[in-house]
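Q: Counting from 0, one number per residue, gives the positions in the sequence shown under numbering that gives the first Met the number 0. The structure under discussion is supplied below as structure tokens; questions concerning it will follow.
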Amino acid sequence: MKNIDITSHVRGESVYVDDIPVRTGTLYGAVFDSPMPHGVLRDPDVSDAGQMAGVIRVVTAKDIPGENQIGIVVDDEPLFAEKVVHYVGQPIALVLAESESRAMAAARKIRVDIDPLPVIIDPREASKKGALIGKPRTFSLGNIDQAWETCDHVFEGVAESGGQEHLYIETQGSYAYRTENGGIRIFSSNQSPTVVQKTVARVLDVPMHKVEVDVRRLGGGFGGKESQGTVWAVMAALGAYITKRAVKLVLHRLDDLRMTGKRHPYSSDFKIGLTEDLEIVAYEVSFYQNAGAFTDLSPAVLERTLFHATGSYFVPNVRATAAGCRTNLPPNTAMRGFGGPQGMFVMEAAIAKAAEALGVDASTIQKKNLLREGDAFPYGQKTERCQAVNCWTEVEERCDIDALREEVATFNADNRLFKKGIAFMPVCFGISFTKIHMNQAGALVHIYQDGSVGVSTGATEMGQGVNTKMAQVAAQVLSVSPDRIKIETTNTTRVANTSPTAASASADMNGKAVEKAGLALSGRLKRFAAKELGHPESGASAWIEIRNEQVYDRGVKTDLAWNDLVMGAYLARVDLTEHAYYATPGIHFDTDTEKGCPFAYHVYGTAVTVATVDCLRGTYEIDAVHVVHDFGKSMNPLIDRGQAEGGILQGIGWMTMEELRYSEEGRLLSNTLSTYKIPDISSTPREMNIHFLETAGSPLAILKSKAIGEPPLMYGIGAYFAIRNAIRAARQDKALPLSAPITPERVLLSLYDTPQRATGSE
Ligand code: MTE
Ligand code: HPA
Ligand code: MOS
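So this is what it looks like as structure tokens:
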């Protein structure tokens, strides 16, 4: 089935926050943010700004009726800075004016006096100074201290991975206005309607029922609107509350880049021990997570790093420690993979280091140590329906790995200025929120008198196709045409207490709720149909089936069609509405022992990436990415393929070209799209072969169709190592750092001992 939004997207008719028709008297917001990374803030002088033409109000911390607090996990983040500023870009004031340009001009007139305090941007320095967010956590398995003695080879090293900008196409934005009796309605580009509702209630000091949050869709979220869409929604709501006028706040791209947090950069120490025959016996890793100035979601991201510290491998002796480090950067946040990619990168770096030192191909070590059925993860859960080896061997076969290796070897022998490299990247990703209580979802399904159906869930559509999947579930369980289904906006008054649309689990959890509601409704309709067809006895509904909008009685098609069935049921006073609730069963985790069964299931796959490096320019191309991925029984191969391709490209971007640079004072230097480079069509792999490994799926996946949103991102790690292997083909003798992204600049520095001059007389 095609994505249900496809036509309106192509016609430009899909509505985003900026497309919502504004009400008369709407005010526009502009945020004034801290120009300094850390310091004591004197009272901001907003008098000049406040007197400018068209300016209605300048809002600061002092205007907040409730709490100046928006922390999602820990209460450490003010909406507006009050006494101290903690990063460049931290909001200090909101200007509300008759037009956006006036608001922006006025914001530029605000003056602040800030007495500088020391600045930390490096996570290791933060750790040394004790600037931690929460306590460091350790996951362990076996006995690591004894294990080293049994190793024939031990290697240590440092691995670094950079941050990543979400670069959703629709920047952060919200529109809010007051409704009667002190209520407030907020339209937000947001993954977390309930978080917005709760935070607005807290900041305005009103009960949650006064706050309605509505999300039609997001022009991309990628995790960047799980916690950080809240800020702007709360500001718009506060502005509307204070001025009694509608308020629109949509960030301009450069403001969004500067003010919002990103994927967490990590700096990590690793130590890996192997036997003579390349079995990994021991792995020790310390992660230093650059969390930024406030807690945000960092502890949850950190946890997911620990859950993925050993990647797709079984290692019997493990100690993985992770510390969230507080720095003077914007609070880093959820981004596709949510700490998983950072953990897996270090494991791959350790294997690469061992392989290079031992003179073997990394894939030999990788393949030897892949997870097998029943293997335990360091957190206690065991693999079930493990597909790691299947995906690996299947992709070897599909890309004809021996021929490919041969081809690359010949190419490298024949070419001095171009070199190719190959890398395998196996992925194993756990599906469920790592906070157990978040694994719940709801749906509200109405069947209208004409047989059409309205579905509301807690999931938000951000391009990942969840609405299409919800329509498919409803159509399938009611056995009606998908044309009959409408997916409503995500609205806190229809489905309450929603978890963020995140963790790749939204289709599963909300889909299960839709399925339950649909089953209840069709059960009710079948009982009614049984009576209509002359079977008043109880239990007769078991004879009834609804198939393609037609009622069947003991396998025989009747004259009763969906429309008449529904209308009849309505006239017979049968309830045609159902709310259903789903909570993922069987998952648990004990943070004292750091053991449990946190994931509903795991998603597996393997990618083989081939890259060509231009050794004169340092540039590279990704020739091909061959993937065998365990989709379970994909309910929408078109959408799932799109998710895989998009995820892979975003992963390649993170690993190879997207370089966030901050100055020593914590100022974002790569603050435009000319200095922060994301993959475009010309950097797309020339070939992307994604093979659907058809497996039984998991009973906890919606219609056995496994979660797809995040796992493919980690195939991008393969691009890093493919490029590295190409560099090594040119320079075997040179020690290379394990530091991502591997930008063309870094490739050149890896290839040459001294920087080459562009011009010369030789
Ligand atoms: N795909 C698109 N087009 N846009 C997005 O913002 N977000 C990703 C992924 N795919 C995203 C996307 C992230 S971070 C997650 S967690 C999942 O979608 C969330 O949706 P799901 O739970 O329905 O998979
Ligand atoms: N993934 C994504 N978002 C989250 C998670 C998670 O595991 N936990 C809390 N928010
Ligand atoms: Mo995705 S990072 O879980 O929003």
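Even for Gly, the Cβ is constructed at its ideal location relative to N, Cα and C.
Confirm, please, whether the CB-CB distance from residue 212 to residue 187 is below 8 Å.
A: yes
Q: Applying the criterion that 16 or more other CB atoms from any shown protein chain within 10 Å of the CB defines a buried residue, is residue 514 buried or exposed?
A: Classification of residue 514: buried, given that the 10 Å Cβ count is 16 or more.
Q: Are there any heavy atoms of the ligand MOS lying less than 7 Å away from the beta-carbon of residue 216, as far as the coordinates show?
A: no
Q: When the Cα atoms are used, what is the spatial distance from residue 124 to residue 310?
A: It is roughly 27 Å from the alpha-carbon of residue 124 to the alpha-carbon of residue 310.
Q: Would you kindly work out how many angstroms separate the C-alpha atoms of residue 746 and residue 165, rounded to a whole number?
A: 24 Å
Q: With residue 344 as the anchor, note down where its alpha helix (DSSP H) starts and where it stops.
A: 339 to 357
Q: Tell me whether residue 794, by its Cβ, gets closer than 7 Å to a heavy atom of the ligand HPA.
A: Absent from the structure is residue 794, since the part of the chain shown begins at 0 and ends at 761.
Q: Where residue 489 and residue 428 are concerned, what is the direct C-alpha to C-alpha distance, given to the nearest angstrom?
A: Answer to the nearest angstrom: the Cα atoms are 27 Å apart.
Q: Label residue 321 either buried or exposed according to how many other C-beta atoms from any shown protein chain fall within 10 Å of its C-beta, with 16 as the threshold for buried.
A: buried
Q: Compare the beta carbon distance of residue 235 and residue 285 with 8 Å and say whether it is the shorter of the two.
A: No, these two residues do not count as a Cβ contact at 8 Å.
Q: How would you label residue 465, buried or exposed, when you count the other beta carbons within 10 angstroms and need 16 or more for buried?
A: buried
Q: Beta carbon of residue 57, beta carbon of residue 104: below 8 Å?
A: The answer is no: Cβ separation not under 8 Å.
Q: Just to confirm before moving on: does the CB-CB distance between residue 655 and residue 726 stay below 8 Å?
A: no
Q: Taking only the alpha-carbon atoms, compute the straight-line gap between residue 578 and residue 563 and give it to the nearest angstrom.
A: 23 Å
Q: Can you name, in chain order, every residue of its own chain whose Cβ lies under 6 Å from the Cβ of residue 199, other than the five neighbours on each side?
A: 210, 233 and 236
Q: Find out if the Cβ-Cβ distance for the pair residue 713, residue 192 is shorter than 8 Å.
A: no
Q: Looking at C-alpha atoms only, which residue of 412, 398, 425 and 119 is the closest neighbour of residue 628?
A: 425
Q: Looking at C-alpha atoms only, which residue of 410, 674 and 338 is the closest neighbour of residue 709?
A: 338
Q: Within 10 Å of its beta-carbon, does residue 449 have 16 or more other beta-carbons around it, so buried, or fewer, so exposed?
A: exposed
Q: With a Cβ-Cβ cutoff of 8 Å, do residue 329 and residue 86 count as a contact?
A: yes
Q: Within the chosen definition, does the stretch 245 to 257 reach the stretch 494 to 502 through at least 3 CB pairs nearer than 8 Å?
A: no
Q: Just tell me which of 534, 292, 530 and 544 has its CA closest to the CA of residue 568.
A: 530
Q: What are the partner residues of residue 76, as DSSP defines its beta bridges?
A: Partner(s): none; residue 76 has no beta bridge.
Q: Are the Cβ atoms of residue 35 and residue 115 separated by less than 8 Å?
A: Annotated as proximal: residue 35 and residue 115, with beta-carbon spacing under 8 Å.
Q: Could you check if residue 806 is buried or exposed, using at least 16 other CB atoms within 10 Å of its CB as the buried criterion?
A: No information on residue 806 is available, as it lies outside the stretch 0 to 761 that the chain covers here.
Q: Looking only at its chain, what residues have a beta carbon closer than 6 Å to the beta carbon of residue 762, apart from the 5 residues adjacent to it on each side?
A: As shown, the chain starts at 0 and ends at 761. That puts residue 762 outside it, with no answer to give.
Q: Answer with buried or exposed for residue 208, where buried requires no fewer than 16 other C-beta atoms within 10 angstroms of its C-beta.
A: exposed
Q: Given residue 588, which residues of its chain have a CB within under 8 Å of its CB, disregarding the five upstream and five downstream residues?
A: 378, 433, 435, 594, 595, 596 and 597
Q: Using a Cβ-based criterion (distance less than 7 Å to any ligand heavy atom), does residue 642 qualify as near the ligand MTE?
A: yes
Q: Once DSSP output is grouped into helix, strand and coil, what is the label at residue 571?
A: Reduced to three states, the DSSP call for residue 571 is coil.
Q: Residue 390 by DSSP, collapsed to three states: which one?
A: helix
Q: Would the beta-carbon of residue 295 fall within 8 Å of that of residue 71?
A: yes
Q: Considering only heavy atoms of the ligand MOS, does any lie closer than 7 Å to the CB of residue 406?
A: no
Q: The ligand MOS and residue 286: does the residue's C-beta get closer than 7 Å to at least one heavy atom of that ligand?
A: No - the ligand MOS has no heavy atom lying nearer than 7 Å to the Cβ of residue 286.
Q: Please report the distance separating the alpha-carbon of residue 732 from that of residue 752.
A: 11 Å
Q: Once you ignore the five residues that flank residue 373 on each side, which residues in its own chain have a CB closer than 7 Å to its CB?
A: 381 and 382
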